[in-house]
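Trainee: Those protein sequence lines, which keep their order, are chains A and B. The number in this note's numbering is simply the position in the first sequence, starting from 1, with 1 added. The number in this note's numbering is simply the position in the second sequence, starting from 1, with 829 added. Here it is, the structure in full.
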Amino acid sequence: MPLILTDEQTMLKGAADGFLSERAPIAHLRNLRDSRDPDGVSRELWAAFGEMGFAGVVIPEADGGSGLGAVEAGVIAESLGRTLTPSPFLGSSVLAATVLTQAGSDAQKAWLPRIASGEAILSLAVDEGPKHAPARIAATARRQGNGFVLNGAKGFVLDGHVADALIVAAKTDGGLTLFLIDPKTDGVEVERTVMVDAHNAARVTMTDVRVDADAVIGAVDGGEAPLTAALNLGRACAAASLVGAGDQAFQITLEYLRARKQFGKAIGEFQALQHRAAHLFTEIEIAQAAVLAALQALDAGREDAGLVASVAKAKAGRVAELAVQEAVQMHGGVGMTDEFDVGLYMKRVRVLNELLGDAAFHQEALARSQGF
Amino acid sequence: MSELDDFRASTRQWLEANCPPEVRGPVRSEDEVIWGGRKAVFATPGHERWLKVMGERGWTAPEWPVEYGGGGLSREQAKVLAQELARLGAQPALNSFGVWMLGPALLKFGTEEQKKRFLPPIVRGEIRWCQGYSEPGAGSDLAGLQTRAEDRGDHWVVNGQKVWTSYADKADWIFCLVRTDPEAPKHLGISFVLFDMATPGVTTRPITLISGKSPFCETFFDDVRVEKENLVGELNRGWDVAKHLLAHERTMIGAMGEIGGGRPLGQVATGAIGVGDDGRLLDPMLRARIAELEVDAAAFRLALERTGDRMKAKQAHPALASMLKYYGSELNKRRHELLMAAGGSDALEWEGERSRDGAMARDWLRTKANSIEGGTSEIQLNILAKHVLQLPGA
Chain A
2 MPLILTDEQT
12 MLKGAADGFL
22 SERAPIAHLR
32 NLRDSRDPDG
42 VSRELWAAFG
52 EMGFAGVVIP
62 EADGGSGLGA
72 VEAGVIAESL
82 GRTLTPSPFL
92 GSSVLAATVL
102 TQAGSDAQKA
112 WLPRIASGEA
122 ILSLAVDEGP
132 KHAPARIAAT
142 ARRQGNGFVL
152 NGAKGFVLDG
162 HVADALIVAA
172 KTDGGLTLFL
182 IDPKTDGVEV
192 ERTVMVDAHN
202 AARVTMTDVR
212 VDADAVIGAV
222 DGGEAPLTAA
232 LNLGRACAAA
242 SLVGAGDQAF
252 QITLEYLRAR
262 KQFGKAIGEF
272 QALQHRAAHL
282 FTEIEIAQAA
292 VLAALQALDA
302 GREDAGLVAS
312 VAKAKAGRVA
322 ELAVQEAVQM
332 HGGVGMTDEF
342 DVGLYMKRVR
352 VLNELLGDAA
362 FHQEALARSQ
372 GF
Chain B
830 MSELDDFRAS
840 TRQWLEANCP
850 PEVRGPVRSE
860 DEVIWGGRKA
870 VFATPGHERW
880 LKVMGERGWT
890 APEWPVEYGG
900 GGLSREQAKV
910 LAQELARLGA
920 QPALNSFGVW
930 MLGPALLKFG
940 TEEQKKRFLP
950 PIVRGEIRWC
960 QGYSEPGAGS
970 DLAGLQTRAE
980 DRGDHWVVNG
990 QKVWTSYADK
1000 ADWIFCLVRT
1010 DPEAPKHLGI
1020 SFVLFDMATP
1030 GVTTRPITLI
1040 SGKSPFCETF
1050 FDDVRVEKEN
1060 LVGELNRGWD
1070 VAKHLLAHER
1080 TMIGAMGEIG
1090 GGRPLGQVAT
1100 GAIGVGDDGR
1110 LLDPMLRARI
1120 AELEVDAAAF
1130 RLALERTGDR
1140 MKAKQAHPAL
1150 ASMLKYYGSE
1160 LNKRRHELLM
1170 AAGGSDALEW
1180 EGERSRDGAM
1190 ARDWLRTKAN
1200 SIEGGTSEIQ
1210 LNILAKHVLQ
1220 LPGA
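This is the structure:
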């Protein structure tokens, strides 16, 4: 398959970019932040996201979704990266929806139409320490009677403070098990964490949380496969958001290079800056190729899709980091001000880089796969 | 089964039957590289047969039209062929400036007669070409070239000097930039001509490089007769042909490190340094640098593929070749720095069988030219700043 978007995917990109730049430009993020909005995300915008078919992009049509694939999810994630819009898209529409689609029971899948319409927000609780390390999950689920007792602490749970249900990964006797829990269950504490980029996550503490057996998603000890599927798609979409944010910061910077005058000419006339801009352009092009390849590999169900997603996440992360550093530096003093947007991109990229494994995490995965 | 699956199955079957065992596996030395030409030397009979069977099928230029000897494959079929060749670990059946550079220019600018005359022997590897571009006074400022072609009615007489002419001493023909109008602005007085290196008045002198090898030559033209029918494109508009060809050359140089087919860096490093109980390379710092490079290399290979797909779909700026050239050549230099670090003192040997006459060190030094030949990295960045980013004053 050619590494270009199909006509339909290009139309979707136009729709997502158009919708977000009209309904949720950067001013939207600033409003939520400056008004100290109690949710940190707009429910109204999220419902509109549902109406557009974006919130249910990867959910099958039979479950009320749009029945599209990873490339389409990535297209939307990239648009969200460009406008920095706070949205439950990654946590609810990508991560949680993938777990339920892959492994949910009929009763659990009843959440899917509500995720697709934007009515419900779900979130996936995987991380525990400050770094993404799904292989070292320590939260436990112990069998008791007809159900389980959960203990442990989770962090970086995307929009977990407004989640209607949480998907929690915990260790069981023979492996990893995923549970669908109500955050209002006794023993569950959810603390909102406002992050540097004015997006939100939550810390979730579970102390002797009792759940019934029907809270298990898929098989007991069988959580790894659906979790990995969700993480891989999540990583590719986070990479798409990184490319969106990095490229948008670059576009803003290019405008500035043309407009800002010093020594009697546009600063973009100086070769010192031209070469750095051309280098950055090259890096962004390469990251875009890796991201699209990862999304296509996921859609094709290729065996190495997880690895391509790691390449995409690592590359897009490093490239976006360079893009926002250059953006602030090339803007000079005004790049340091809250009034200019480039600083907001720097903050968002830092969060997206940490999300679902940073470049080092994914480079480690690649090294292992190549036997060194 | 889709048509493409059918194509894959028949290709696999044909390659299994026709790819000689001697050409399966990495290229072990320069002798194994197949260049073809009138003076062709083959490492083994298998190498000679490999060129012959692939050339007859047009698979040395898979996407060229069948009428000019090419394979007539679609881009998707050509990708399948490349995948199947990689699956066998087959060495390239032909390395050729004719295929990589001149052919695409002839397909775009050549007359029907020129295409029919020159393209099929390129595909079959019968004629080896070299490139007469750079001159002692025209490096990055290529359009400042001074080699003169004087009009003598039915032919030209060429006088001047070229430099960095890759394999001029081994080539049969040259594609050459000459000045046909010294009065015109520099870009508008250049023509693109072809001539036989055996023509009286052509001499070559190899240049010894820091690698100790001589892939490049100085080439001198002393009253060389060039027939007018060998002008490609319009008179004095050779710069258009030159630029088109450069885009292909740049893509080729950018891709060079990725199609080399050498052993993966991680394998070289574990072989030389060893692994711990956890399976990790015993040098954690080097391991991290290799992993970072491999991510960049994997992403770059995808960018090569994507750029090709976009060019085919007419969605790409032609100057994107500069992006591939810039990134790929810098990447290849990094790769060889890491190969040298992985090889340690073993990689420093310059002579003798154990080091295959210092192959690692010589290859490492050779890569330093990647970011110079075909236009320096700095020139590529200038082109991107001007033509793609459209920055002021660039």
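Note that CB positions come from ideal geometry on N, CA and C, so glycine has one too. Since the model is a prediction, treat every value here as computed from it, not as a measurement.
Could you check the C-alpha separation between ILE1036 (chain B) and LEU1122 (chain B) for me, to the nearest Å?
Mentor: The alpha-carbon atoms of ILE1036 (chain B) and LEU1122 (chain B) are separated by roughly 32 Å.
Trainee: Candidates B:ARG1164, B:GLU1202, B:GLU1159 and B:HIS1077: which alpha carbon is nearest MET1140 (chain B)'s?
Mentor: B:HIS1077
Trainee: Work out the CA separation of LEU85 (chain A) and SER831 (chain B) for me, nearest whole Å.
Mentor: Near 42 Å, if we compare the C-alpha coordinates of LEU85 (chain A) and SER831 (chain B).
Trainee: Beta-carbon within less than 6 Å of TRP1068 (chain B)'s beta-carbon, same chain only, minus the 5 sequence neighbours each way: which residues are those?
Mentor: HIS1016 and ILE1019
Trainee: Sorted by chain position, which residues of the same chain lie with C-beta nearer than 6 Å to GLY307 (chain A)'s C-beta, five sequence neighbours on each side aside?
Mentor: ASN233
Trainee: If the criterion is Cβ atoms closer than 7 Å, does the pair ILE27 (chain A) and ASP300 (chain A) meet it?
Mentor: Going by C-beta atoms, ILE27 (chain A) is not nearer than 7 Å to ASP300 (chain A).
Trainee: Within the same chain, show all residues whose beta-carbon is closer than 7 Å to that of GLY219 (chain A), passing over the 5 residues directly before and after it, in chain order.
Mentor: ALA104, LEU179 and PRO227
Trainee: Look at ALA310 (chain A) and ARG236 (chain A) and say whether their C-beta atoms are less than 7 Å apart.
Mentor: yes
Trainee: Using beta carbons (cut-off 7 Å, strictly below), is GLN249 (chain A) in contact with chain B?
Mentor: no
Trainee: Could you pull the DSSP bridge partners for ASP339 (chain A) from this structure?
Mentor: Per DSSP, none; premise fails for ASP339 (chain A).
Trainee: Let me make sure I understand the geometry here. Which of B:ASP983, B:GLU955 and B:ASP1107 has the alpha-carbon closest to that of LYS999 (chain B)?
Mentor: For LYS999 (chain B), the nearest C-alpha among the options comes from B:GLU955.
Trainee: Using 8 Å for Cβ pairs, my map puts ALA919 (chain B) next to ARG853 (chain B). What's the rounded Cβ distance?
Mentor: Contact between ALA919 (chain B) and ARG853 (chain B) holds: CB atoms are separated by about 6 Å, below the 8 Å threshold.
Trainee: What are the boundary residues of the alpha helix (DSSP H) that LYS881 (chain B) is part of?
Mentor: 874–886
Trainee: Do we get a CB-CB distance below 7 Å when we pair LYS314 (chain A) with the residues of chain B?
Mentor: no
Trainee: Quick one: residues in its chain with C-beta nearer than 8 Å to the C-beta of ARG1109 (chain B), no 5 flanking neighbours on either side, listed in chain order?
Mentor: ARG1116
Trainee: Using a beta-carbon distance cut-off of less than 9 Å, what residues from the stretch 1118–1142 of chain B approach chain A?
Mentor: ILE1119, ALA1120, GLU1121, GLU1123, VAL1124, ASP1125, ALA1127, ALA1128, PHE1129, ARG1130, LEU1131, ALA1132, LEU1133, GLU1134, ARG1135, THR1136, GLY1137, ASP1138, ARG1139, LYS1141 and ALA1142
Trainee: Tell me which residue opens and which closes the alpha helix (DSSP H) that ASP1052 (chain B) is part of.
Mentor: Here ASP1052 (chain B) belongs to no alpha helix (DSSP H); instead the beta strand (DSSP E) covers 1045–1056.
Trainee: Verify whether the separation of the beta carbon atoms of LEU902 (chain B) and GLU892 (chain B) is less than 7 Å.
Mentor: Yes, Cβ-Cβ distance for LEU902 (chain B) and GLU892 (chain B) is below 7 Å.
Trainee: What residues from chain B crowd round ARG137 (chain A), counting only those whose CB sits closer than 9 Å?
Mentor: Near ARG137 (chain A) there are no residues of chain B at all, since even the closest Cβ is about 15 Å away, more than 9 Å.
Trainee: For LEU1133 (chain B) and ALA290 (chain A), I'd like the C-alpha separation in whole angstroms.
Mentor: 9 Å
Trainee: Entirely within the stretch 159–221 of chain A and at least 3 residues each: give me those beta strand (DSSP E) ranges in chain order.
Mentor: 166–173, 176–182, 189–195 and 201–213
Trainee: For HIS280 (chain A), which beta-bridge partners are listed by DSSP?
Mentor: Note: HIS280 (chain A) sits in no beta bridge, so no partner.
Trainee: Rounded to the nearest angstrom, what separates LEU113 (chain A) and ASP222 (chain A) at their Cα positions?
Mentor: 23 Å
Trainee: Which whole runs of the alpha helix (DSSP H) in the stretch 1175–1222 of chain B are 4 residues long or more, in chain order?
Mentor: 1188–1196 and 1206–1212
Trainee: Along chain B, which residues have their Cβ under 8 Å away from the Cβ of GLU270 (chain A)?
Mentor: LEU1220, PRO1221, GLY1222 and ALA1223
Trainee: Taking LYS266 (chain A) as the query, report the chain B residues whose CB atoms sit under 8 Å from its CB, ordered along the chain.
Mentor: PRO1221 and GLY1222
Trainee: Rounded to the nearest angstrom, how far is the Cβ of ALA997 (chain B) from that of THR1048 (chain B), given a contact under 8 Å?
Mentor: Right, their Cβ atoms sit about 5 Å apart.
Trainee: Counting pairs of Cβ atoms below 8 Å between the stretch 149–167 of chain A and the stretch 186–200 of chain A, do you hit three or more?
Mentor: yes
Trainee: Could you check how far apart the C-beta atoms of ALA140 (chain A) and LEU151 (chain A) are, in whole angstroms? I think they sit under 8 Å.
Mentor: 7 Å
Trainee: For THR1099 (chain B), is the classification buried or exposed, using 16 other Cβ atoms within 10 angstroms of its Cβ as the cut-off for buried?
Mentor: buried
Trainee: Output the distance between the C-alpha atoms of PHE947 (chain B) and GLY1083 (chain B), rounded to the nearest integer angstrom.
Mentor: 26 Å
Trainee: What in chain B is Cβ-close to GLU73 (chain A), meaning under 8 Å?
Mentor: The premise fails here: GLU73 (chain A) is roughly 18 Å from chain B at the closest Cβ pair, so nothing lies under 8 Å.
Trainee: Which of helix, strand or coil does DSSP assign to LYS266 (chain A)?
Mentor: strand
Trainee: If you reduce the DSSP assignment to three classes, tell me which class ILE1088 (chain B) lands in.
Mentor: helix
Trainee: Name the chain B residues that come within less than 9 Å of GLY372 (chain A), Cβ to Cβ?
Mentor: PRO1093, GLY1095, GLN1096, THR1099, VAL1104 and GLY1108
Trainee: Using C-beta distances below 8 Å, list every residue in its chain close to LEU357 (chain A), excluding the 5 sequence neighbours before and after it, in chain order.
Mentor: Closer than 8 Å at Cβ, skipping near neighbours: HIS133, LEU232, GLY235, ARG236, ALA239 and LYS314.
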